[in-house]
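So the sequence shown is numbered by the numbering used here: it starts at 1 and just counts up by one. Even for Gly, the Cβ is constructed at its ideal location relative to N, Cα and C.
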Amino acid sequence: MSRPNTLIPLAVAASLIVALAGCNQQKQAAGRPAAGPPEVTVVTIEPKPVTVTTELPGRTAAYRVAEIRPQVSGIVLKRLFREGSDVKAGDQLYQIDPATYEASLASAQADVQKAEANLQAARNKAARYGDLVKNSVVSKQDFDDVQASLKQNEAQVASAKAAYNLARINLDYTKVFAPISGRIGKSAVTEGALVTANQSTALATVQQFDPIYVDVTQTASQLMKLREDMASGRIRPAEAGKIPVTLFLNGLDGAYPAKGELQFSDVTVDPGTSSVQLRAVFPNPNKDLLPGLFVRARIEQGVADKAIVVPQAAVSRGPDGTAQVWVVGADNKATVRLIKTERALDNGWLVSDGLAPGERVVVEGLQKVKPGAEVKPVPAPNAVAALPERAASDRAAPAAR
């Protein structure tokens, strides 16, 4: 048999195999149901009250600070405290040599006694001249001179007593006391040092840590926006006029255990930074917070009663930074919606424009969605759909155009 005759049956057999395989694939394709719309997870927008907060950087500061300076000059005889210890108001800290001030006090006391003796003599003389002038024994001029001398002696007694009081005060100043309770730092002088009255260098510094201040700065624009929101009714002030503050420290897991309270907002704007200083006060019974620590303070500024919040997973950004979400309509078709996000939440965004109550927003399956295409919406489980109850205004998102 020739070679061409051998190849013909093989070719026919191969053609039959291919045809049978194609028929089988067509039957399998016909047996499968058509693919439905992609499944996506959605949340339904429901307004709810949200506590509006702002997280600001700041530093701790002592509640009270007293720089200890001598009010008289002299040699320091004793230092009566341990550096770094706690002292109470009225505790003696230093003893300045009192010898010269004791002598000055004794001299002033003698001057008082001398002036009082002269005054008594002047009174006796004035009394005698009063009788004599009635009988015209002495002239009216002599009587007037005696009366003037009496008044001068009275003034000298008053002056001597004032000098005595000053000498006594200066002697008391040789004992240097703590004006406030707190923790005292390093002493700038030792025994034997010469100090002068009202010198520029403090002998030591006492700082009160409990309670303790936290000073933070807020931009003027943030402050104006908050006032605008409160004036429009979008945010209402905290109850009872108290503004709670939560503190966060570097290296500390979670928040500082004790909550603070905002004390005041400065009345002027710093022209260099366009910011306003805020001050909060915190209890610090264990002295854990020291002045100068860098901290972050979360201030509860008010409550937005009808806030619209979307999970962060639902928000994407366009090339120009605008925020957008996928909204599923009543016909289950998805469309892109530009929104305006104002404040960041723990796991969401506070939306001020672009969404309405009852609308459904896609949170999972964004990669499956195409504009105008039909989708199969599935409600998110509670863990995903739950919206935060606290908003932080510091991490504001770019507004949608």
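- Assignment of beta strand (DSSP E) within the region 55–83, counting only whole runs of 3 or more residues, yields 74–79 in chain order.
- A straight line joining the alpha-carbon of V328 with that of T44 spans about 10 Å.
- Between the beta-carbon of W349 and that of V336 there is about 16 Å, and that puts the pair past the 8 Å contact cut.
- S136 is classed as exposed because its beta carbon has fewer than 16 other beta carbons within 10 Å across all chains shown.
- Collapsing the DSSP output to three states places T219 in a strand.
- For E300, the beta-bridge partners assigned by DSSP are T53.
- Per DSSP, the unbroken alpha helix (DSSP H) holding R123 starts and ends at A99 to K134.
- Here the alpha carbon of A344 sits roughly 19 Å from the alpha carbon of R227.
- For R317, the closest of E67, T341 and Y256 by C-alpha to C-alpha distance is T341.
- In this structure, the straight-line span from the alpha carbon of A148 to that of D142 is close to 10 Å.
- The DSSP-derived three-state label of A356 is coil.
- For K175, the uninterrupted beta strand (DSSP E) segment begins and ends at K175 to F177.
- Just measuring C-alpha positions, the residue of S200, R59, V362 and F264 sitting nearest P379 is V362.
- For E261, the enclosing beta strand (DSSP E) starts and ends at G260 to S265.
- One thing to note: L105 has its Cβ within 8 Å of the Cβ of R168.
- Secondary structure at K376: strand, using DSSP grouped into helix, strand and coil.
- By the criterion of at least three beta-carbon pairs nearer than 8 Å, the region 303–319 is not in contact with the region 241–260.
- Contact between I180 and A66 holds: their C-beta atoms lie close to 5 Å from each other, under 8 Å.
- Sixteen is the threshold: when 16 or more other Cβ atoms of the shown chains lie within 10 Å of the Cβ of N153, as they do, the residue is buried.
- Only residues of its own chain outside the window of five on either side were considered, and among them Q71 and V72 have a CB closer than 6 Å to the CB of Y173, listed in chain order.
- The count of Cβ pairs closer than 8 Å, one atom from the region 154–162 and one from the region 45–53, stays below three, leaving the stretches out of contact.
- Counting the other CB atoms within 10 Å of its CB gives L194 a total below 16, which places it among the exposed residues.
- At a Cβ-Cβ threshold of 8 Å, R79 and Y94 count as neighbours.
- In the structure shown, the three-state DSSP call for R234 is coil.
- If you check the CB distance, M230 and G302 come in under 8 Å.
- Taking A61 as reference, the option from D215, K161, M224 and P371 with the minimal CA-CA separation is D215.
- For R279, the CB contacts under 6 Å within the same chain, skipping 5 residues up- and downstream, are Y213, D215, Q263 and F264 in chain order.
- According to the DSSP assignment, L150 belongs to no beta strand (DSSP E) but to the alpha helix (DSSP H) extending over K140 to D172.
- Where L278 is concerned, the enclosing beta strand (DSSP E) starts and stops at S275 to F282.
- Taking 8 Å as the cut-off, the beta carbon of G192 is found no closer than this to the beta carbon of Q208.
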